[in-house]
Amino acid sequence: MATDGPDAPRTARIPRDVVAGMVLLLIAIGAWFGLRDLPAFDKSAIGPGLLPKTVATLIGALGLMILALGLGAGRERLERFSFRGPLFVLGAVGLFAVTIRPLGLVVAGPLAVAFSAFGDRNSRPFEVVVFAIVLSALCILLFKYILRLPIPLAPFYLGY
Amino acid sequence: MPEFFDNIALGFSVALGMKNLSLCFLGCLIGTLIGVLPGVGPVATISMLLPLTYGGDPIGSLIMLAGIYYGAQYGGSTTAILVNIPGEATSVVTTLDGHQMAKQGRAGAALGMAAIASFFAGTVATLVIAGLAVPLTKFALLFKPADYFALMVLGLMLAVVLARGSIIKAIAMILLGVLMSTIGRDLVTGDERLTFGWNEIDDGIDFAVVAMGVFGFAEILRNLESPEARDVVRQRIGRLLPTAREFAQSIMPIVRGTGLGAFLGLLPGNGAVLAPFASYSIEKKLADDPSRFGRGAIEGVAGPEAANNAGAQTAFIPLLTLGIPPNAVMALMIGAMTIHNLVPGPEILTKQPKLFWGMIASMWLGNLMLLVINLPLVGLWVRLLKVPYRLMFPAIVLFCCIGIYSIGNNPLDVFLTAVFGLVGYILIKLDFEAAPLLLGFVLGRLLEEKLRQAMAISQGSVWTFWDHKIAFGMLTMTGLILIIAALPGTRQRRETTFSD
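Read top to bottom, the protein sequences are chains A and B. Going by my numbering, 666 is the number at position 74 of the first sequence; the sequence numbering is gapless. Going by my numbering, 532 is the number at position 22 of the second sequence; the sequence numbering is gapless.
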């Protein structure tokens, strides 16, 4: 997985499907670990473990197949992962999750918009701030006052 | 036949109520508004607008949601023609000739023909739904748990075969979705499954959380990485009404596309996605001069658009009669119905005839509204297309956050959606499709429930799938489809169908 720099290679060395197969294998193993205590059969009926264990086994088998096929010559390489987008966009969602209860939409809204905007390297700070405030105001109007969703607005000031 | 007209009349009496009519209009308008934005497909549009429908009564909410659905479809075609960016797989075909027409200054005719073709297809599809709903529901009521299980397996297999990309990977995604659906407390025994001791996810993960994560957020991350070359048409839009000659050229493609789409949409596994591709290649083969295709042939817009819209609507049939969503959008519909405590399936028609027929009548009204409101608003859509992505995606993020929070007033859901956004991003990088994952996730719980019921009835004997002839037939078909799909010849043909 390469860094975000402009001179970083477009692709990593590993064939994409080898990674894809390994990911599936890991999921299968993890699932088996999580399901280890659940019986597949429960007296004469199906137990809680049968379907998930079967499915996990099949996922593992398909993972092996994809891995093996990915080792063949001329396969596509793994594309590089970027950090900027996931960090800011998903970080903004996390910020919203943390702030919505204690601080309400008045704070969580602009924060999420402004923070996520930096996921794009062409974002312009002044524009972002104005847009975050206007958009949040519109959302408060729409969701709180028109649709009356029970979302906290400004608990620290209004109490709801 | 009198029953048929009674039902339709009942439907219109519900759909023409002032409130439902305005909700239908609002849904169509907002759906188009968001669907027009480049890089925002129907799934993202619907998952984003889902919270708008939480407040109302079930009928009004579903009418609005259905409106959002065709609105988003229609908006996608507009973007395909004017910007050459398909909002989803099915509008890829529209970009081929539609955008060429736009470059030649005939955007108006392309948009107009797309609207007319969609309206015609929508009308026919609505009649097909109304005609098939009662017999199919009666058939569905005969289904025993074993048959349901087999039908779902068949539907999932069809969805795999009809999708593009690697079959092995698509099957793996379906299975992963099924595995994810087992997370939480087991409904029969009460055992915790795959929670790894984390009590907060005992009730399982909400479908909307998964959908918005792997579709909404992951799509944003993908778009941020590959800045689209946006090619908004600068030429004049031109007259919206196609000429008499263009009409004459398009009539038969529209009729054929409608038939094709209506039939393929009926299949339990997203056949609708094939319809526009199939329509395009048929029209190209039937044309006197095939070389016109790809250079602005109006048949290349009319046929696929009709096929697309017809399929999009008849896809409601498996959902409404059998309770089985054939594609990701319908999976979202299931989620929306669950929020209103409605269980999709044959009971909807038998126990809630008002809701059922009201929704069907509103489908036709929605199509009519789209025809009337969209063409005069073309200027507005063109302006919307110029909204830069750097402003669009933060707005999508905020809408999704508010929507997810409002499902259960639980910040943890918002957080989990971010996690699924990351999962979706990794899946994109590894070339896995998210749609089969969502289908597997939505069907997983039902699949296990029916399997357990079937096995409980048969007291643990697998032979029950042999005894139930419907189930046996469908499982055999599943096996055959898998074998045919794995044959090298079919694999090649499949690739050419999608790349044509």
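Yeah, the Cβ is synthetic: ideal placement off N, Cα and C, and Gly gets one too.
Own chain, CB closer than 6 Å to residue i, minus 5 neighbours either side, in chain order
i                 : result
Glu513 (chain B)  : none
Ala624 (chain B)  : Ser587, Val811 and Glu815
Val524 (chain B)  : Lys864 and Gly868
Asp1010 (chain B) : With a pLDDT of 48 at Asp1010 (chain B), under the threshold of 50, the predicted position of this residue should be treated as unreliable, though the coordinate-derived value follows. The residues are Ser791.
Phe535 (chain B)  : Met879
Gly665 (chain B)  : Pro778, Gly779 and Ile834
Leu1020 (chain B) : The requested residue 1020 (chain B) is not part of the displayed model; chain B covers only 511 to 1010.
Gly876 (chain B)  : Cys534, Cys538, Gly577 and Tyr580
Pro702 (chain A)  : Ala724, Ile725 and Ser728
Ala582 (chain B)  : Gly541, Gly545, Pro552 and Thr555
Whole-angstrom C-beta distance between residue j and residue i, which should lie under 8 Å
i                : j                : result
Val720 (chain B) : Ile844 (chain B) : Not really, about 13 Å apart at Cβ, beyond 8 Å.
Ile658 (chain A) : Ala612 (chain A) : 5 Å
Leu646 (chain B) : Thr831 (chain B) : 4 Å
Leu949 (chain B) : Gly687 (chain B) : 6 Å
Ala871 (chain B) : Ile518 (chain B) : 7 Å
Ala709 (chain A) : Cys911 (chain B) : Actually they are not in contact, since the Cβ atoms of Ala709 (chain A) and Cys911 (chain B) sit about 14 Å apart, beyond 8 Å.
Ala648 (chain A) : Leu627 (chain A) : 7 Å
Val638 (chain B) : Thr824 (chain B) : 6 Å
Glu668 (chain A) : Pro607 (chain A) : 7 Å
Ala617 (chain B) : Gly748 (chain B) : 6 Å
Ala841 (chain B) : Leu770 (chain B) : The pair is not a contact, with the Cβ atoms about 23 Å apart (cut-off 8 Å).
Ala822 (chain B) : Gly767 (chain B) : Rounded, the Cβ-Cβ distance is 12 Å, inconsistent with contact.
Ile743 (chain A) : Tyr915 (chain B) : 6 Å
8 Å Cβ shell around residue i - same chain, five flanking residues per side excluded
i                : result
Leu630 (chain A) : Gly639, Pro640, Gly641, Pro644 and Lys645
Ile906 (chain B) : Val550, Ala554, Met558, Gly726 and Ile730
Leu606 (chain B) : Tyr790, Phe803, Gly804 and Gly810
Lys960 (chain B) : Pro655, Ala656, Tyr658, Phe659 and Met662
Val615 (chain A) : Gly655
Proximity below 8 Å, CB of residue i to CB of residue j
i                 : j                : result
Ile693 (chain B)  : Ile681 (chain B) : no
Ser1012 (chain B) : Asn819 (chain B) : Nothing in the structure corresponds to residue 1012 (chain B), since chain B is present only between 511 and 1010.
Glu943 (chain B)  : Met683 (chain B) : yes
Met593 (chain B)  : Ala673 (chain B) : Residue identity check: residue 593 (chain B) is Val in the sequence provided, not Met. The answer is no: Cβ separation not under 8 Å.
Arg623 (chain A)  : Gly655 (chain A) : A small correction: the amino acid at residue 623 (chain A) is Ala; Arg does not occupy that position in the sequence shown. It is not a contact, given that the beta carbons lie outside the stated cut-off.
Gln759 (chain B)  : Lys613 (chain B) : no
Leu697 (chain A)  : Leu750 (chain A) : no
Val972 (chain B)  : Val685 (chain A) : no
Ala706 (chain A)  : Pro921 (chain B) : no
Leu560 (chain B)  : Gly913 (chain B) : yes
Leu587 (chain A)  : Gly855 (chain B) : This structure does not reach residue 587 (chain A), given that chain A is present from 593 up to 752, and the question cannot be answered.
Leu885 (chain B)  : Gly622 (chain B) : yes
Thr636 (chain B)  : Met965 (chain B) : no
Neighbourhood of residue i by C-beta, 7 Å cutoff - its chain only, sequence neighbours within 5 removed
i                : result
Gly711 (chain A) : Arg676, Gly677, Phe680 and Val681
Gly570 (chain B) : Lys529, Asn530 and Leu533
Pro563 (chain B) : Looking at the sequence shown, residue 563 (chain B) is not Pro but Thr. Hits under 7 Å: Ser571, Met574, Leu575 and Ala846.
Arg713 (chain A) : Arg676
Gly521 (chain B) : Trp867, Gly868, Ile870 and Ala871
Lys794 (chain B) : Pro800 and Phe803
Leu997 (chain B) : none
Val610 (chain A) : Leu659, Gly662 and Leu663
Leu901 (chain B) : none
Tyr737 (chain A) : none
Residues within the segment 704 to 715 of chain A neighbouring chain B, beta-carbon criterion of under 8 Å:
Ala704, Val705, Ala706, Ser708, Ala709, Gly711, Asp712, Asn714 and Ser715
Just to confirm the assignment: which complete alpha helix (DSSP H) runs, minimum length 4, are found wholly within the segment 621 to 686 of chain A?
642 to 662
Taking a Cβ distance cut-off of 8 Å, strictly less, list which residues of the segment 688 to 703 of chain A are near chain B, in chain order.
Phe688, Ala689, Val690, Ile692, Arg693, Leu697, Ala700 and Gly701
Completely contained alpha helix (DSSP H) runs for the segment 687 to 748 of chain A, where each covers 4 or more residues
697 to 709 and 717 to 731
With 8 Å as the C-beta to C-beta threshold (strictly closer), list the residues of the segment 650 to 663 of chain A near chain B in chain order.
Listed by position along the chain: Leu650, Ile651, Leu654, Gly655, Met657, Ile658 and Leu661.
Using Cβ-Cβ distances below 8 Å, what residues of the segment 725 to 736 of chain B are close to chain A?
Phe727, Ile730, Leu731, Leu734 and Glu735
Hey, which unbroken runs of the beta strand (DSSP E) at 3 residues or more fall wholly within the segment 674 to 733 of chain B?
The DSSP assignment places no complete run of the beta strand (DSSP E) inside the segment 674 to 733 of chain B (cut-off: 3 residues).
Under 7 Å, CB to CB, which of the residues in the segment 946 to 960 of chain B have a partner in chain A?
Glu958
What are the residues of the segment 889 to 909 of chain B that lie near chain A, defined by any Cβ-Cβ distance shorter than 8 Å?
Tyr899, Arg900, Leu901, Phe903, Pro904, Ala905, Val907, Leu908 and Phe909
Please name the residues in the segment 677 to 689 of chain B whose beta-carbon is closer than 7 Å to at least one beta-carbon of chain A, in chain order.
Within the segment 677 to 689 of chain B, the residues whose Cβ lies closer than 7 Å to some Cβ of chain A are Ile678, Lys679, Ile681, Ala682, Leu685, Leu686, Val688 and Leu689, listed in chain order.
Which runs of the alpha helix (DSSP H) spanning at least 4 residues fall entirely within the segment 795 to 861 of chain B, listed in chain order?
809 to 824, 838 to 849 and 856 to 861
Going along the chain, which residues of the segment 610 to 621 of chain A sit with their C-beta nearer than 8 Å to a C-beta in chain B?
Val611, Ala612, Val615, Leu616 and Ile619
Mind listing, in chain order, the continuous alpha helix (DSSP H) runs of no fewer than 4 residues lying wholly within the segment 915 to 949 of chain B?
921 to 939
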